[in-house]
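Engineer:
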Amino acid sequence: MENLKHVNLLDIVFSWTLMDVFNQDFLKHKMRKIPQTFDSIQEYMNSFIPALIEEIHSEMSSSLIGVSQAPFAEISTLQRSKDFNHPQDFLYDITLKSTTDDVKGLGKYEPETGDVIAFANIRPRRLNNLIMTREFCHIAYVRRSQDIFSGQIPILTNGIEFGDRTSKEQKLYAVYLFNMITNVRIWKALTWKLEDADTNILTKVLKPDPTDRENCQICLSRENCSHGLATPVAEAIICNGLNKSQWDAVLDSVTTNTCHHDDDSVKLIWGPPGTGKTKTVASLLLSLLKLNTKTLACAPTNTAVLEVAARFYGLVKGSVETPYCETYGLGDIVLFGNSSRMKIENYKGLEEVFLDKRVDHLLRCFTPGIGWKYYLESTIKFLKEPEEAYVLYKNGVVVEMSLEEFAKGSIKNLDAAYDSYKKLVSENCDPMTLEQFLEKRYAYIVDKYQAYKDEEMLRAGMTMEQFIEHRLSFLGGKLKTLMRTLYTHMPTSFIPLNVYKSMLRAMSLLKSLEVSTIQNVSKHTLSDCEDGQSVLGRHGLLGFETDECLVILNILSQSISLPESLNNKYAISQFCLKNACLVFCTVSSSFKLYIKEMTPFSFLVIDEAAQLKECESAIPLQLPGLSRVILIGDEKQLPALVKSKISDKAEFGRSLFERLVLLGYKRHMLNVQYRMLPSISMFPNKEFYNQQLSDAPVVKAKRYAKRFLDGKMYSSYSFINISKGVEQSNHDYSLLNKIEVAVISQIIGSLKKESEKTRRKISIGIISPYKAQVNEIQQKIKDYISVSDSLFSVSVRSVDGFQGGEEDIIILSTVRSNGSGKVGFLCNKQRTNVALTRAKHCLWILGNAATLIHSRSVWKKLIRDAKERDCFHNAEEDKELGVVIEDAILERELLDESVSRFQKLSLAENSEMPQISPVRIFANIT
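For the sequence shown, the UniProt record's numbering gives the first residue as 1, with consecutive numbering after it.
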């Protein structure tokens, strides 16, 4: 393919006609299978591009087909942007009409960066509405999320120009289709558009030859060497209680290989289910942090990133070493991402390392008049001359000032800024009050006003003793808070250990001075003062620790040098990222680390690497200075999701991890599983891992085995045969089996009764490969899901949604029930592996044995295995289940009879796919 460095991905997408979008074979002729080895970086990059475009094409098609279920919002205004640049960039700003409507349970739509939206003059209830609209129907790309002050959302269109519009003139709607931000970032990574990109690591994985290491004596001697090393790495491993396979993986990943083989730049850690992969990754990251190695830790999803970050945070907080008592040192660690999506508040402690929160804290620290420098200097001055401070206080004039008056005295042209904001917001939206506007845009002014009010409250005719007590308490409180902010959120390169210790001593002395001052005040009266002058001297009220406190505060004033440029949120966020030693983010978000003057990363650690498309891994793999990459994953579990069948056949979903495994690349296997009872782990260990896994002592112990319901059918592992099940498709062409749903509902009800009777805590996961079945189960047992119960929890998800999860009991609904043995993607071994390895104590598999055994898939082996182990049961063996099945069959027959009476609608009336003329997506449809 030609060099696409100067080609814009959006130009390609927006050039498609509607006929192009719905043509499934539109890009088929350009597709080539992605090879396993490459001769050049150019070939490597270009090999992914056709499949990337096809994946976007498929996403666009499915989004438009499902537009009736898409979230949307009414547009209030649409107008040209100030950056509008005909004919290159057609940029517009839209504002949304304020509404609390929740249409069809979809909720209010708030466009985010990277969203592809359709906007039209009617509310889309079906695809026809967008295709046949008379005036216009356009596709646009959201460049940035909504501005919190103006309410404007900048969008990009291509090739269409129209005038400003308001909702009074005509109704307009923005309809969400899909988000393209990750694909845009991948495109830039593949087309050489990353700042200072470095292809050093990529060259090592083009055509790796792992056989060079297999017979190397230096490598072999290193691998066989004693692990009793008195290093920070060994200490971290010992403290975290890693087993030998985990120990080997961490040690080999962080130590330097004297051979310098090319393939040694990339290491693979193989983590089958329940083998402590997250614990191993967290220990690896802690070891790298202790070695002061700048590291980027990534994963494909926010959830995976948060799980690793939370486990790592627990290790850091559990460290007994001096540098990490309290929160010192956390400034070396940064977690960043979309705060609304990540839900940081659900992960204890992670707010202390989350970038957005850190920036807010540090902004207050650096703001003149309320920050570190101001209160440090004020405290030093007060401790030196408390009497002088009292005289100034006595001669001061109390001035009552509102926030508005205070802000106007601090911000030039405040009225103009506020008026400009009110003009920008939609007339249909209630603008923020001035106070709300100040809190959003000038938060530091609000803080400064509060400090002013606190100081003014002191002006109430106090005696010198009272004044000194209150003043010391006020300044000491502010200063201690700012010290905690600095040693928590600043990198240790700016707050070294000796400075941190000085801070702790200063805080202790300030507290001691406050206590002693309060005690002294209670001993003295106003008669001890003449004309406002103290007869006690500085050591009288403040105590003899004042001199030491002054010395330390002066040392801190000289030793802490804060960059003067840190006067806004963007500058502070860049500062934190550049100076962090360990950064957590998603693989896609690592795109934001291509910034000027970034301290180079040495290590890249990618968790769940087998779930990541190789082309997406090209984003962090090109970071400047990168020398080592550690990939952690399991190609035996689910790969990345690929929507297009065409790009799937081209191996677009294959990960770098899997490709290297296919080429014979050596990997460290974590070989001890800590999750499943041996009766549950037996089949997946044999079928997927060639008996290489061993069960940890904890899962083999008698106390680990738990029974939740009576009967052999409900032992730790069983296949429950539902021979009378019936599979059917819903409106989305997904499959469901209502007989299995009825059985599951009965089992859940029995478990609930047992939990209430015994007051025993039970967590249950219900898994099905089909979305329609998941939805049906959720509806059937919604009463058990919606009620908050600390003892009884039920989670219903797809197989893909359960990867990485675990529960006490797993109920697996296979759905398929037919005479031909067709099981669709149920035959996928990776999906089956995930489904079978989520349970800790009980795994109950529901399905039609006849269908599964004739499928010629892994399920045939599973049925045979269950029968050989006497774990196969017919559902009718349980009398209650037998009744439930018969009732469900009767209900279905009555429903089918009722539906048949009303099947008189014509195909034309139900058609969602009318004839489409070959016009560009952006062209007016008239």
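Here a beta-carbon is modelled for each residue, glycine too, at the ideal position from N, C-alpha and C.
Sorted by chain position, which residues of the same chain lie with C-beta nearer than 6 Å to S63's C-beta, five sequence neighbours on each side aside?
Structural biologist: L177, F178
Engineer: Buried or exposed: S226, going by 16 or more other Cβ atoms within 10 Å of its Cβ?
Structural biologist: In this predicted model, S226 has a pLDDT of only 41, less than 50, meaning its place in the structure is not dependable; the value taken from the coordinates is given anyway. Burial call: exposed.
Engineer: Is the beta carbon of A875 less than 8 Å from the beta carbon of V743?
Structural biologist: yes
Engineer: Decide yes or no for the touch test of the stretch 788 to 800 against the stretch 717 to 727: beta carbon pairs closer than 8 Å, at least 3 of them.
Structural biologist: no
Engineer: Are the CB atoms of V587 and P620 within a distance shorter than 8 Å?
Structural biologist: yes
Engineer: If you draw a straight line from the alpha carbon of L612 to that of S655, how long is it in whole angstroms?
Structural biologist: Using only the alpha carbons, I get a separation of about 5 Å.
Engineer: Using C-beta distances below 7 Å, list every residue in its chain close to M713, excluding the 5 sequence neighbours before and after it, in chain order.
Structural biologist: I720, H873, E877, D878
Engineer: For D332 and C581, I'd like the C-alpha separation in whole angstroms.
Structural biologist: 5 Å
Engineer: Assign F474 to buried or exposed, taking buried as 16 or more other Cβ atoms, counted over all protein chains shown, within 10 Å of its Cβ.
Structural biologist: Buried, because 16 or more other Cβ atoms sit within 10 Å of the Cβ of F474.
Engineer: With a threshold of 16 other CB atoms inside 10 Å of the CB of T77, please say whether the residue is buried or exposed.
Structural biologist: buried
Engineer: Quick one, are the C-beta atoms of I767 and I809 less than 8 Å apart?
Structural biologist: no
Engineer: Let me confirm a value: L306 is counted as buried when at least 16 other C-beta atoms fall within 10 Å, else exposed. Which label applies?
Structural biologist: buried
Engineer: Just how far apart, CA to CA, sit W192 and I445?
Structural biologist: Cα to Cα, the separation comes out at about 43 Å.
Engineer: With a floor of 3 residues, list each beta strand (DSSP E) that falls wholly inside the stretch 301 to 380, ordered by position along the chain.
Structural biologist: 333 to 335
Engineer: Measuring CB to CB, does T851 end up less than 8 Å from N818?
Structural biologist: Going by C-beta atoms, T851 is nearer than 8 Å to N818.
Engineer: Would you kindly work out how many angstroms separate the C-alpha atoms of Q217 and D264, rounded to a whole number?
Structural biologist: Unreliable placement is indicated for Q217, whose pLDDT of 48 sits below 50; no coordinate value is reported for it.
Engineer: Short of 6 Å in beta carbon distance, which residues of its chain neighbour residue 927, apart from the five on each side in sequence? Order them along the chain.
Structural biologist: Residue 927 lies beyond the residue range present for the chain, which begins at 1 and ends at 926; the question has no answer from this structure.
Engineer: Just tell me which of Q36, I34, Q24 has its CA closest to the CA of I56.
Structural biologist: Q24
Engineer: Assuming S81 contacts L91 under a Cβ cut-off of 8 Å, what Cβ separation, rounded to an integer in Å, is found between them?
Structural biologist: 4 Å
Engineer: For L497, count the other beta carbons within 10 Å of its own beta carbon; 16 or more makes it buried, fewer makes it exposed. Which is it?
Structural biologist: exposed
Engineer: Assess contact between the stretch 144 to 153 and the stretch 551 to 567, defined as three or more Cβ pairs (one per stretch) separated by less than 8 Å. Is contact present?
Structural biologist: no
Engineer: Smallest Cα separation from R869: which of G625, S718, E545, Q146?
Structural biologist: S718
Engineer: Tell me, to the nearest whole angstrom, how far the beta carbon of N671 is from that of Q692; I am working on the premise that it is less than 8 Å.
Structural biologist: 6 Å
Engineer: Is it right to say G271 is buried, meaning 16 or more other beta carbons lie within 10 angstroms of its own, or is it exposed?
Structural biologist: Buried, since its Cβ has 16 or more Cβ neighbours within 10 Å.
Engineer: Between F48 and D39, what straight-line distance do the alpha-carbon atoms span, to the nearest angstrom?
Structural biologist: 14 Å
Engineer: Can you look up G801 in the DSSP assignment and give me helix, strand or coil?
Structural biologist: helix
Engineer: Can you grab the Cα-Cα spacing for the pair F312 / S512, in whole Å?
Structural biologist: 36 Å
Engineer: Whose C-beta lies closer than 8 Å to the C-beta of L350 among residues of the same chain, with five residues either side of it excluded?
Structural biologist: L306, A309, A310, Y313, L335, I344
Engineer: Check the C-beta distance from I646 over to K28 and give it rounded, since I have them as a contact under 8 Å.
Structural biologist: Right, their Cβ atoms sit about 6 Å apart.
Engineer: Tell me which same chain residues have a C-beta within less than 6 Å of the C-beta of N183, skipping the five on either side of it?
Structural biologist: I56
Engineer: Whole angstroms is fine: what's the gap from P323's alpha carbon to H361's?
Structural biologist: Because P323 sits at a pLDDT of 48, beneath the cut-off of 50, its placement in the model cannot be relied upon, and the following sentence gives the value as read from the coordinates. Between P323 and H361, the C-alpha separation is close to 21 Å.
Engineer: Specify the secondary structure class of M432 as computed by DSSP and reduced to three states.
Structural biologist: coil
Engineer: So is S729 buried or exposed if we call it buried at 16+ other beta carbons inside 10 Å?
Structural biologist: exposed
Engineer: Is it buried or exposed, T433, if we count other Cβ atoms within 10 angstroms and call 16 or more buried?
Structural biologist: exposed
Engineer: Helix, strand or coil for L229? Go by DSSP, reduced to three states.
Structural biologist: Confidence in L229 is poor, its pLDDT being 46 and thus under 50, which makes the residue's placement unreliable; the coordinate value appears in the next sentence. In this structure, L229 counts as coil in the three-state DSSP scheme.
Engineer: Can you name the start and end residues of the alpha helix (DSSP H) that G476 belongs to?
Structural biologist: 464 to 489
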